[in-house]
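Novice: Okay, so the sequence shown: first residue is 10 according to my numbering, each after it adds one. My structure is below; once you've seen it, I'll send some questions.
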Amino acid sequence: MTIGLQDRFCCSLSRWPARATFSLVMLGAMAGAVTASGAPTVAVPHAPPMLLAQAASPEVTFWESVRDSDDPAELEAYLKAYPDGQFAPLARIRLQGLRQPDVPPAGTASEKAESPPKVPQPQSRVPPQGRLGQQSISVKLGQLADSKHGWLGVRLAELSENLAKVFGFANARGGFVIEVLPNTAAALGGMKPLDLIVEFDGRSVPRWNALLSMISATPPGSDVRIDVQRVATSFAELSDRLRTEAEKGDATAAYGLGWLYAMGAGTAKDEAEAVRLYRKAADKGLPEAMSQLAGMYANGQGVGKDEREAVAWYRKGAEKNDAKALFNLGLMYESGRGVGKDAAEAARFYRKAADQGQFAAMFRLGMLYANGNGVSKDDAEAVIWYRKAAEFDHPDAIANLGLMYEAGRGVFSDDAQAVRHYRKAAELGQIAAMHMLANMYLNGRGVAQDNAVAVSWYRRAANLGFANAMAALGWMYQSGSGVGKDEAEAMRWYRKAADLNHNGAMRQLGWLMQNGGEAVKDPAQAVSWFHKSVEAGNVDALYDLGRAYAIGAGVKEDASKGADWMFKALKAHNAYAAREMTTNAEAWSKSFQRELQRRMRDAGVYDGKVDGDFGPSTKAAIEELAKAPVSGAASANTASATFEYDVDRPGSDYRTFELESADPALCASQCGKEPKCKAWTFVKPGVQGPSARCWLKDRVPQPVTASFAVSGVRADAQ
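Listed below in structure tokens is the structure:
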């Protein structure tokens, strides 16, 4: 897979735009509320608030399976399936800027240099012309588009110890240059493909991703010195030497040459030749080659796609205790590719790989513990593994640490720490973290509230093809938050997100066309977008359709169709629909009310008269129909989790807990029992998990106004 990170945990309430499904792999679906502007002066069927909750899709699932991979094969497989997909722009950018030597079926497949496979190790080869040695290059960094971050202009990969030695380097520390892009800082400075960058501006480079962080953190235009090790001046020089040694039976040389062809390092990519050379080395027992050959089978590169064959080769490498093979075999078990899906078995292989320093395996273990998948759910253990991976600058692990701090899972809630981790992950290119950082600025959580900065981070993520950020940016333009109010520009961003199947943006397009200014108003098209939103999985648009047909907004007035859609909205537990039907019934036509009563009677939830009068019995039936199912069998007066909170830190949130009964009164009651509780927020089931959730606060925050939440202040709170 990769939260991949599909993270099934959520976070604290915030003003919209809040988190939606990503894949970092990362986040569960949730959104705050945007209330319709302008209260009506007469009783009318109300336009609803906007809840941009994005439903998961097969494409998102696919992206989650490759998103933290630095293997071009993974990204190319995604692009082949979804050439115009939601994440296609990001995939292409990563293909241009990164190359990872390993070819896993999913996730990141790098290895710890200190843990080479347990086979005879090759000695460092010295090229016939002698080692070309270490050289210093002076460059003036370029600027990454639409940012304040430096850009060198190279594609990088990480070497294993075996590859480093067979190529002629002293060790694997550094970032291996696959390609130098023309007319960039690297090209102008004289950097060449096959160089190993070992120092950046006086700092040692331990890994390729650490180098990316160093480059990004350096302002454009900076003069920096870069030290490289150079063992060949051309691909021909290096390949001739490797081919000669491979023909003499050197498995590592054959593997190294195959890797160069697979990566297109200094030469045109030739996957069929890479497969031939990988097989030659694997047949001689080299575990790294087994893992690479497995990856080629898993992705159908240079050979017919065969996931069972991939598993067989990963298993052979795992039997030799190769960290990459162990990790990738775990991925195959977790995703059910080429083998029966088995998260427990995946955890077992991840742990073996992690014990050898495989940081992508550390991250996956964290995900399993956070979600209780294959192991007992344990947030504290998840944090431990995220921290371990974060020490290797794993962007998704860093972002997930931010989530844990924001949600108070496994650690005390700490918005400032959440911001710190989101920022670091964002600077490493993690687009979901960019979006989350924007949310924190929007809500003033852990950082001074600043809508303009929020807009800048939403824009960065949106320009990288992130649909959630596009929708958020649309809202900022619609509301005039951090940017001049511009409904036309809002529509443009909503359309971009809708084109990427963001069902919340589809609904928002309909809302603007129905309720916006004359320049964007188009009631008929609004109905069309509401239909599209529902078809894409957005249940909130069911209410919009019911209202449109009931009052004839963009379609011919039809009480029967209006009641059909409203009944579906209530069955989908739409709290706004229930509130509108119980508190504003007089605004709806009698024929509509009769049709809705008839549908409830036919469903067996109402046994009163079909008279178009929403009295107590009708309202009770509506509330019963809209009530979310209660999970578990605990007493309505007991919480399902132990209270854990940071009472000694001024302004900190209490940690959340779940309620087995969807009753806000339980939340208010528990606040009354906690000496330091001053306010509470109740969140209905399905927003932050299957159960209702309660947040207890040791301060009085701004009240939450949302269709999915109820908040209150303790009577004796100061």
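Note that CB positions come from ideal geometry on N, CA and C, so glycine has one too. Note that the coordinates shown come from a computational prediction; the quantities given were computed from them, not determined experimentally.
1. Under the three-state reduction of DSSP, which class applies to Thr627: helix, strand or coil?
2. Taking only the alpha-carbon atoms, compute the straight-line gap between Gly483 and Phe539 and give it to the nearest angstrom.
3. Using the DSSP secondary-structure output, state which residues sit across from Asp236 in a beta bridge.
4. Taking the alpha-carbon of Ala476 as reference, which of Ala506, Val456, Asp495 has the nearest alpha-carbon?
5. For Ala545, report the span of its alpha helix (DSSP H) as first-last.
6. On the DSSP bridge list, what partners appear for Gly151?
7. For Ala674, is the classification buried or exposed, using 16 other Cβ atoms within 10 angstroms of its Cβ as the cut-off for buried?
8. Are the segment 245 to 253 and the segment 185 to 200 touching, with three or more C-beta to C-beta distances below 8 Å?
9. Please identify the residue among Met590, Glu544, Leu509, Glu415 whose C-alpha is closest to the C-alpha of Gly474.
10. Report the residue from Asp387, Val722, Ala321 whose alpha carbon sits nearest the alpha carbon of Cys676.
11. If you reduce the DSSP assignment to three classes, tell me which class Gly721 lands in.
12. Along the alpha helix (DSSP H) that carries Lys293, what are the first and last residues, could you check?
13. Does the ligand NAP have a heavy atom nearer than 7 Å to the CB of Trp160?
14. Figure out for me which residue from Lys350, Tyr342, Met413, Met341 has the closest Cα to the Cα of Gly375.
15. For Ser600, which residues in the same chain have their Cβ closer than 8 Å to its Cβ, ignoring the five residues on either side in sequence?
16. So what does DSSP say about Glu300, is it helix, strand or coil?
17. Of the choices Lys289, Lys325, Val207, Gln152, whose alpha-carbon is the least far from that of Ile146?
18. Taking the CB atoms as reference points, tell me whether Glu400 and Ser225 lie closer together than 8 Å.
19. Assign Ser537 to one of three DSSP states: helix, strand, or coil.
20. Under 8 Å, do Asp405 and Phe372 count as touching if we go by C-beta distance?
21. If you reduce the DSSP assignment to three classes, tell me which class Ser678 lands in.
22. Could you give the DSSP three-state label for Ser213: helix, strand or coil?
23. Take every Cβ of the segment 292 to 304, pair it with every Cβ of the segment 328 to 347, and state whether three or more of those distances are shorter than 8 Å.
24. Under 7 Å Cβ to Cβ from Val420, same chain only, skipping five residues before and after it: list those, please.
25. Which same chain residues end up closer than 7 Å to Ala528 when comparing Cβ atoms and leaving out the 5 residues on each side of it in sequence?
26. Would you give the residue range spanned by the alpha helix (DSSP H) that Asp616 belongs to?
27. Quick one: grab the DSSP three-state call for Trp597.
28. Figure out for me which residue from Val163, Ala352, Lys397 has the closest Cα to the Cα of Asn382.
29. Are there 16 or more other CB atoms within 10 angstroms of the CB of Gln143, so buried, or fewer, so exposed?
30. Between the Cα of Phe185 and those of Gly177, Asp204, Ala363, spot the shortest distance and give me the residue it belongs to.
31. Check each candidate in Ala355, Gly366, Val719, Ala370 and name the one with the smallest Cα separation from Val384.
32. Looking at Met515 and Ser490, is the spacing between their C-beta atoms short of 8 Å?
33. Taking the straight line between their C-alpha atoms, what separation do you get for Val564 and Tyr486?
34. At a cut of 8 Å, does the segment 228 to 235 reach the segment 172 to 188 through at least three beta carbon pairs?
35. What span of residues does the alpha helix (DSSP H) with Thr253 cover, start to end?
Specialist: Looking at the atomic coordinates:
1. DSSP places Thr627 in helix when its eight states are reduced to three.
2. Rounded to whole angstroms, the separation of the alpha carbons of Phe539 and Gly483 is 17 Å.
3. Bridge partners of Asp236: Ser145, Glu208.
4. The alpha carbon of Ala476 has as its nearest neighbour, out of Ala506, Val456, Asp495, the alpha carbon of Ala506.
5. Going by DSSP, Ala545 is part of no alpha helix (DSSP H) at all; its letter is neither H nor E.
6. Gly151 is bridged to Trp160.
7. Counting other Cβ atoms within 10 Å of its Cβ, Ala674 stays below 16 and is therefore classed as exposed.
8. Because the criterion of three Cβ pairs below 8 Å is not met, the segment 245 to 253 and the segment 185 to 200 do not touch.
9. Distance from the Cα of Gly474 is smallest, within the candidate group Met590, Glu544, Leu509, Glu415, for Leu509.
10. Of the candidates Asp387, Val722, Ala321, the residue whose Cα lies closest to the Cα of Cys676 is Val722.
11. It is a strand residue.
12. Segment: none, Lys293 is in no alpha helix (DSSP H) and carries neither H nor E.
13. No copy of the ligand NAP occurs in the structure displayed, which carries no ligand at all.
14. Of the listed residues, the one whose Cα sits closest to Gly375 is Met413.
15. For Ser600, where only same-chain residues beyond five positions count, the Cβ hits under 8 Å are Ala568, Gly621.
16. Correcting the residue type first, residue 300 is Ser in the shown sequence and not Glu. Of the three classes helix, strand and coil, the one that applies to Ser300 here is helix, per DSSP.
17. The residue with the shortest Cα to Cα distance from Ile146 is Val207.
18. Between Glu400 and Ser225, the C-beta gap is not smaller than 8 Å, which leaves the two residues out of contact.
19. Of the three classes helix, strand and coil, the one that applies to Ser537 here is helix, per DSSP.
20. Taking C-beta atoms as the reference points, Asp405 and Phe372 count as a pair closer than 8 Å.
21. Three-state result, Ser678: helix.
22. Note: Ser213 maps to strand in three-state DSSP.
23. The segment 292 to 304, when compared against the segment 328 to 347, does touch it at the 8 Å Cβ threshold.
24. Excluding residues within five positions, the ones whose Cβ falls inside 7 Å are Val392, Met413, Tyr414.
25. Exclusion of the five residues before and after Ala528 leaves Glu496, Ala497 as the residues of its chain whose Cβ lies within less than 7 Å of its Cβ.
26. That residue, Asp616, is in no alpha helix (DSSP H); it is neither H nor E in DSSP.
27. In the three-state reduction of the DSSP assignment, Trp597 falls in the coil class, being assigned neither a helical nor a strand state.
28. Looking at Val163, Ala352, Lys397, the one whose alpha-carbon comes closest to that of Asn382 is Ala352.
29. Under this definition Gln143 is an exposed residue.
30. With distances taken between Cα atoms, Phe185 lies closest to Asp204.
31. When each option's Cα is compared against that of Val384, the closest is Ala355.
32. No; because the gap between Cβ atoms is not below 8 Å, this pair is not in contact.
33. Answer to the nearest angstrom: the Cα atoms are 28 Å apart.
34. Touching, no.
35. If you look at Thr253, you'll find it in the alpha helix (DSSP H) that goes 244 to 256.
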